């Protein structure tokens, strides 16, 4: 039998050891949780097709913006992007449902996605994927055009879209690498309320065309820059 002081010391040592062990276990769990979160975040960033890297000559923040300055953004929309956007706005047109197995779509919609009118089937809105012979999803035109707003929102926080005119020249398919570009054509001082910027807005792809560009969308936009003169 151990002396009382020895027993008490052993008890304290055991108690301390348990606290140390518990502390290490908590730290290990926290490290594991942080590591898992980091892995998930890195995986998400790696798999994302979105790009917020805007390049060009329009100054970040907007001060000094002038005619002939431009900014552009490159983007690839996936079939899943198209499906999620369609669900969000309620536009599940069969043209947009192809290329992802119609996952999560009702059987009626799935049937619609595989039976298209002869006029559509013979048009430029059909492109067959070489890897599996399935038709590729067409990206919603307004989703494509949203890149113009993304450019201004990224470069000049607080900018407000006033108007946008659009002409859709060619369909954009899921998987296409497209370039959204805005080019300033006019800057008007709004007498103490900032500036109204007019710009050409275009979606292109370096894939054919007489000038080396395939043009998908053309238009013009007016954007208000509060406080920018």
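In the working numbering, the protein residues as written are 79 to 307. Yeah, the Cβ is synthetic: ideal placement off N, Cα and C, and Gly gets one too. Please read these numbers as outputs of a predicted model, since none were measured by experiment.
Got a sec, what are the start and stop residues for the alpha helix (DSSP H) residue i sits in?
| i | result |
| --- | --- |
| residue 223 | 219 to 233 |
Considering just the uninterrupted stretch of the beta strand (DSSP E) at residue i, what are its terminal residues?
| i | result |
| --- | --- |
| residue 170 | From DSSP, residue 170 is part of no beta strand (DSSP E); its letter is neither H nor E. |
| residue 297 | 292 to 303 |
| residue 259 | 255 to 267 |
| residue 212 | Run containing residue 212: none; DSSP gives neither H nor E here. |
| residue 240 | 238 to 246 |
| residue 276 | 273 to 283 |
| residue 152 | 148 to 154 |
Would you call residue i buried or exposed, if buried means 16 or more other Cβ atoms sit within 10 Å of its Cβ?
| i | result |
| --- | --- |
| residue 280 | buried |
| residue 234 | buried |
| residue 270 | exposed |
| residue 168 | exposed |
| residue 161 | buried |
| residue 166 | exposed |
| residue 180 | Confidence at residue 180 is low in this model, with a pLDDT of 45, below 50, so the placement of that residue should be treated as unreliable; the coordinate-derived value is given next. Result: buried. |
To which residues of the same chain is residue i closer than 6 Å at the C-beta, ignoring the five residues directly before and after it?
| i | result |
| --- | --- |
| residue 305 | 272 |
| residue 140 | 234, 303, 306 |
| residue 282 | 257, 291, 293 |
| residue 230 | 237, 301 |
| residue 132 | 149, 151, 229, 232, 233 |
Can you give me the Cβ contacts of residue i inside the same chain, cut-off strictly under 7 Å, excluding the 5 residues immediately before and after it?
| i | result |
| --- | --- |
| residue 265 | 143, 144, 145, 273, 275 |
| residue 228 | 151 |
| residue 135 | 147, 148 |
| residue 138 | 233 |
| residue 267 | 273, 307 |
Nearest to residue i by CA position, among the options, is which residue?
| i | options | result |
| --- | --- | --- |
| residue 284 | 259, 148, 223 | 259 |
| residue 221 | 236, 252, 214 | 252 |
| residue 224 | 257, 267, 165 | 257 |
| residue 226 | 216, 249, 262, 254 | 262 |
| residue 159 | 245, 172, 218 | 218 |
With a threshold of 8 Å between beta-carbons, can residue i be considered close to chain B, or not?
| i | result |
| --- | --- |
| residue 304 | The chain inventory of the structure shown lacks chain B, comprising one protein chain alone. |
Within the same chain, show all residues whose beta-carbon is closer than 8 Å to that of residue i, passing over the 5 residues directly before and after it, in chain order.
| i | result |
| --- | --- |
| residue 247 | 293, 294, 295, 296 |
| residue 164 | 170, 171, 174, 175, 218 |
| residue 245 | 295, 296, 297 |
If you pair each beta-carbon of the stretch 292 to 303 with each one of the stretch 238 to 258, do three or more pairs fall below 8 Å?
Yes, they touch.
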